[in-house]
Structure formats: C-alpha cells, structure tokens
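Peer 1:
Residue numbers (full-length UniProt numbering): 1 to 230.
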C-alpha cells in the first residue's frame, strides 16, 4: 500500500477503517473479505449455539436482542453503513454474547476455565461480555454519532461512554423484569447473580470500563492516523 503525503492517511486507505456510509457506493461481501469473514464466523457460531444449547427457552430469550440488532443493521444498511472495522467489532461482540446464551452465562465453560485458572470465586463470563460490550461497541457508536447523527466530534468522545452506561442500566432492568414475570421461581438463578447482590452494578461498571478504555485507545490511535473519521 502506497500512501501519498498530503493526500491520504493509512486509515483512509485501510479496508478495515474505510468509511462506507455513502449509499451511492456499493460494496459486496465478495469484494470485502473482512466483512464476509466476520459475518460467516458469526452465523456459524450462532447456528452452533442454537443446535447445541442445553436450554432452548433461555437461548431464545438471550437472543431476542440479537434478532433485533440484526434487523436494525440490515434495515438501516442502505441508509448508513458502518466501516468494516465496526462490523467486525460488532460481530465479535455478538459471537461472545451468543456463546454465552448456549449454556447460560453462569454455566459457561469458558467462564469455568477462567474460574479454575485464575482462582475466581464465581463464573465471570457475564462480566467478560459486559466489558466487551463497552470495549467493542464504543467505536461503532462514535462512528454512528459522527457520520449518521451528525454530532460534533468533540461530543462524540463522551457519548459512547454515556450510551454504554444507559444501555447497560436499561438491560439490567429488562433482565430483572423478564425474570420477575417469566421465571419468578428461579429468581437470582435465572439472572445469574451467583449470590452477588451487587451483580447488576458490577456488570454496568464493567461495560463502562470497557467503553472508557476503548475511547482512550481511539484517541491515541486517531492521533497516529490509524482510524478514519472523515
């Protein structure tokens, strides 16, 4: 890749960070290997979790937001297109989430592996996914605030962090409502609190921490021209 001084930055030429929000520009998965790979991997993981889940009712409940998210991304595709990097980050997060839905978060095998390896007192897979929510989705959020919603770039540094906090809090309330209405007998067992009365607050803090780290990383890489905001 040759970069001509004064004309293009690495981020503008990099297929991962190149912007695709111009609806007159068509880019197919065939001409975008990163997009094709991320979508393919997600679909394979998603289908496998459905086939091998040990709790089908829980799988559908946990994946309700996945269905809504996919409908949103597909429905708005002709209106606004994220950069390929954003689609990759979204795919990675969704893979982590649906993998958790296969076993329920509290019974996730990777969480048990972390529990044994690092001598944890509980299965922390739920905390890992909440952290990943902020870490992986802060960049797509900032991108949407700047290129789709036309927020000033200065405001778009803080908005992903605030959005992460808001969404995390709403998610915890939805989770509580679902447990209260559909699974009153299971209570904390369904919520996966694992005996931690501060579980919801800690989950929200993990998401906030991930978004904060991602925002700091974006600031550092932006100054080096590694991400494209044009």
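Where a beta carbon is used, it is the ideal one built from N, C-alpha and C, also for glycine.
For the stretch 171 to 218, list the alpha helix (DSSP H) runs that are entirely contained and at least 4 residues long, ordered along the chain.
Peer 2: 188 to 191
Peer 1: Helix, strand or coil, according to DSSP, for residue 70 in the structure here?
Peer 2: helix
Peer 1: For residue 88 and residue 129, what's the separation of their Cα atoms in angstroms?
Peer 2: Going by the C-alpha atoms only, they are around 16 Å apart.
Peer 1: May I ask which residues mark the beginning and end of the alpha helix (DSSP H) holding residue 149?
Peer 2: No alpha helix (DSSP H) holds residue 149; DSSP gives it neither H nor E.
Peer 1: Tell me the rounded alpha-carbon separation between residue 109 and residue 152.
Peer 2: 43 Å
Peer 1: Check whether the Cβ atoms of residue 215 and residue 161 lie closer than 9 Å to each other.
Peer 2: yes
Peer 1: To the nearest angstrom, report how far apart residue 137 and residue 40 are at their CA atoms.
Peer 2: 19 Å
Peer 1: Out of curiosity, what's the CA-to-CA distance linking residue 200 and residue 164?
Peer 2: 14 Å
Peer 1: I need the straight-line Cα distance from residue 207 to residue 116, nearest angstrom please.
Peer 2: 24 Å
Peer 1: Near residue 213, which residues of its chain fall below 8 Å by C-beta distance, leaving aside the five closest residues on each side in sequence?
Peer 2: 134, 135
Peer 1: Give the single residue among 76, 98, 124, 196 whose Cα lies nearest to the Cα of residue 148.
Peer 2: That would be 76, whose Cα lies nearest to the Cα of residue 148.
Peer 1: Can you name the start and end residues of the alpha helix (DSSP H) that residue 91 belongs to?
Peer 2: 84 to 103
Peer 1: Note down the Cα distance separating residue 172 from residue 127, rounded to an integer number of angstroms.
Peer 2: 13 Å
Peer 1: Inspect the beta-carbon positions of residue 38 and residue 98 and report whether they are closer than 9 Å.
Peer 2: no
Peer 1: In whole angstroms, what separates the C-alpha of residue 210 from that of residue 177?
Peer 2: Each residue's alpha carbon lies about 25 Å from the other.
Peer 1: Measure from the alpha carbon of residue 86 to the alpha carbon of each residue in 180, 34, 195, then state which is nearest.
Peer 2: 34
Peer 1: Whole angstroms are fine: how far does the CA of residue 221 sit from the CA of residue 62?
Peer 2: Approximately 34 Å between the Cα atoms of the pair.
Peer 1: If distances are taken between C-alpha atoms only, which option among 90, 56, 142 comes closest to residue 69?
Peer 2: 90
Peer 1: Who are the near neighbours of residue 120 in its chain, counting only those whose CB is closer than 8 Å to its CB and skipping five residues on each side?
Peer 2: Only 114 meet the Cβ criterion.
Peer 1: Any idea if residue 203 is buried or exposed, counting beta-carbon neighbours within 10 angstroms, 16 or more meaning buried?
Peer 2: buried
Peer 1: Going by beta carbon distance, what residues of the same chain come within less than 7 Å of residue 140, once the five residues before and after it are set aside?
Peer 2: 82, 86, 89, 90
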